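Residue numbers (this note's numbering), protein chains in the order written: chain A, 10 to 116; chain B, 5 to 418.
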């Protein structure tokens with residue numbers, strides 16, 4: 010099972026083994042990671058699952074769809090070049106070890 | 005001893021109050037109690053991915069069971085609140101349990117409006133709101149051939165889209181002259197009508213249903229007042245909801261079309277709040293008192309009530325937004341278009357990329373977008389900031405709305 014490392018805004022991190030195919034948002038909610046909210050349920054309407062993705066993983070992600078690109082414009086913490094919505098990142102074996110940093114606020 | 009906060013209703017609004025109280029450091033007891041047997045779950049997927057097997061009863065859960073204990077939220081499911089004693093600050097439940105409170109939050113939601121015609125009790129006529137109803141609908145869809153959907157609103161059309169995608173023979177009956185008539189402009193209605201027809205459904209507007217005809221207790225067909233008959237082995241009714249405000253009314257709280265609250269979400273008793281679908285509140289984006297049935301309203305009102313309970317001086321003023329997914333099309337909506345006097349289109353219907361901008365007295369009040377997510381987000385920003393492009397600017401694709409908004413923003417901050 011690939012691993013995701015969630016780092017909160019205070020720098021504390023948690024490693025979670027997750028099944029292939031789950032989104033980074035769903036895995037966070039299922040495992041009690043409080044820095045991700047996922048208010049709209051993962052349909053690119055709310056931007057409360059915003060994360061910053063470390064390299065080299067950021068470059069490995071499939072490109073953003075227009076809806077994700079747009080809604081990042083209203084994230085509670087301003088987007089950066091490595092911003093993604095974690096509801097749009099599906100885990101694959103190639104993403105094993107993925108590191109995502111969570112913003113201090115999601116709403 | 006502090007009694008803390010009791011929240012009645014385990015839908016998205018009730019859940020949000022509890023979660024926000026804990027996230028913001030509330031130290032007193034939090035009890036989240038509702039009549040549904042399941043732990044809190046999201047409703048939007050029930051009429052979409054759930055029917056197609058993309059979601060299931062676990063994937064729709066807002067948080068796993070362990071979340072509640074970890075956050076010291078006392079979650080009581082299957083408990084129906086029967087009365088409130090505001091003077092004694094106590095809630096009575098049907099099970100004979102009763103709970104004292106310092107603050108009470110009513111997140112009692114709404115229930116489906118039932119079809120008021122003969123035969124509507126027949127087996128095979130379903131409504132959709134709860135996980136239990138969604139599970140039954142999914143099961144019955146497997147065996148159905150002719151599906152008649154009564155009501156061309158969001159729920160009806162989403163169910164119709166799922167049924168068409170599953171290869172069913174679908175008929176949509178809407179009583180008014182067009183689909184989603186109360187919430188979108190005629191252009192958007194026409195777009196979705198065409199979409200459903202392309203996918204194989206039959207769509208009839210101005211179609212008043214007068215009777216459900218049964219055979220051996222099960223639905224057999226749907227009869228319209230013009231005499232026409234549609235065969236059906238499954239009928240799904242989505243004709244709106246009624247707010248669950250009886251418990252508030254019986255406790256002497258002010259109610260109208262829902263449980264009446266002020267901008268601080270307080271009912272006529274300041275220790276009792278009402279949030280989510282049941283909350284009849286003053287909404288600055290409607291310039292009126294309204295109820296909203298949406299994830300946005302549930303989540304934002306839930307958060308606002310939690311902040312009030314924590315003693316913060318906030319009031320409810322979040323920009324409304326909504327969405328519906330039908331087939332591969334997402335309709336994104338922001339603001340409240342009710343009462344608009346002007347609607348202009350940016351983009352084109354032919355290209356399947358368009359937004360409708362709504363205006364009232366030259367003020368921009370709402371936007372609906374299909375395949376133009378940047379317009380939607382821009383619309384939310386315009387509404388939040390209260391800046392108003394003209395209808396001419398909105399309709400002119402060569403006019404850069406984003407840049408214009410940025411310039412208005414910097415004008416304000418300078």
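We put the beta carbon where it would ideally sit given N, CA and C, even for glycine.
Note that the structure is a prediction, hence the values are computed from the model and not measured.
Approximately 5 Å separates the beta-carbon atoms of residue 183(B) and residue 197(B); this is inside 8 Å, confirming the contact. The straight-line gap separating the alpha-carbon atoms of residue 323(B) and residue 127(B) is approximately 41 Å. Within the stretch 58-127 of chain B, complete alpha helix (DSSP H) segments of at least 4 residues are found at 70-74, given in chain order. Excluding five sequence positions before and after residue 164(B), the CB atoms of its chain that fall closer than 7 Å to its own CB belong to 153, 174, 176, 200, 205, given in chain order. Using beta-carbon distances, residue 26(A) does not count as an interface residue toward chain B, since no partner is under 8 Å.
A contact is defined here as three or more CB-CB pairs under 8 Å, and the stretch 280-299 of chain B meets this definition with respect to the stretch 108-116 of chain B.
By the criterion of a C-beta distance shorter than 6 Å, residue 133(B) is surrounded in its chain by 116, once the five residues flanking it on both sides are discounted. When the beta-carbon positions are compared, residue 39(B) and residue 84(B) come within less than 8 Å of each other. Residue burial is scored here from C-beta neighbours: residue 233(B) has fewer than 16 other C-beta atoms within 10 angstroms and is therefore classed as exposed. Shown here for residue 392(B): same chain residues with a beta carbon closer than 6 Å to its own, the five before and five after excluded, namely 367, 368 in chain order.
Taking C-beta atoms as the reference points, residue 80(B) and residue 43(B) fail to come closer than 8 Å.
Judged by pairs of C-beta atoms under 8 Å, the stretch 58-69 of chain A touches the stretch 39-47 of chain A, as three or more such pairs exist. DSSP places residue 234(B) within a strand segment (E or B) once states are collapsed to three. Along the stretch 337-403 of chain B, the beta strand (DSSP E) occurs as fully enclosed runs of 3 or more residues at 346-352, 357-364, 367-374, listed in sequence order.
Scanning its chain for C-beta atoms nearer than 6 Å, with the 5 sequence neighbours on each side dropped, one finds around residue 304(B) the residues 322, in chain order. Assigned with DSSP and collapsed to three states, residue 219(B) falls in strand.
At a cut-off of 8 Å between beta-carbon atoms, residue 74(B) makes contact with chain A. Contact of residue 67(B) with chain A by beta-carbon distance below 9 Å involves 38, 39, 41. Within the stretch 41-54 of chain B, contact with chain A at the beta-carbon level (separation under 7 Å) is assigned to 46, 48, 49. Residue environment for residue 370(B): buried (at least 16 other C-beta atoms within 10 angstroms of its C-beta). Collapsing the DSSP output to three states places residue 313(B) in a helix. When rounded, the separation of the alpha-carbon atoms in residue 398(B) and residue 24(B) is 37 Å. Contact residues of the stretch 393-410 of chain B toward chain A are absent (C-beta to C-beta distance below 7 Å). Cβ contact annotation for residue 90(B) (same chain, cutoff 6 Å, sequence separation greater than five): 255, 273, in chain order. In this structure, residue 212(B) lies away from residue 223(B), with their beta-carbon atoms at least 8 Å apart. DSSP places residue 410(B) within a helical segment (H, G or I) once states are collapsed to three. Below the 8 Å Cβ cutoff, chain B contributes no neighbours of residue 87(A), its closest Cβ being approximately 13 Å away. In this structure, residue 271(B) and residue 265(B) form a Cβ contact; the two beta carbons are roughly 6 Å apart against a cut-off of 8 Å. Judged by DSSP secondary structure, residue 243(B) falls outside any beta strand (DSSP E); it is assigned neither H nor E. The alpha-carbon of residue 14(B) is positioned some 28 Å away from that of residue 156(B). For residue 86(B), the CB contacts under 7 Å within the same chain, skipping 5 residues up- and downstream, are 96, 97, 98 in chain order. Between the alpha carbons of residue 292(B) and residue 249(B) lies a gap of roughly 19 Å. Under the three-state reduction of DSSP output, residue 204(B) falls in the coil class, being neither helix nor strand. Nearest to residue 84(A) by alpha-carbon distance, out of 25(A), 55(A), 19(A), 100(A), is 55(A).
One Cα belongs to residue 167(B), the other to residue 90(A), and the distance between them is close to 41 Å.
At least one beta carbon of chain A lies nearer than 8 Å to the beta carbon of residue 377(B).
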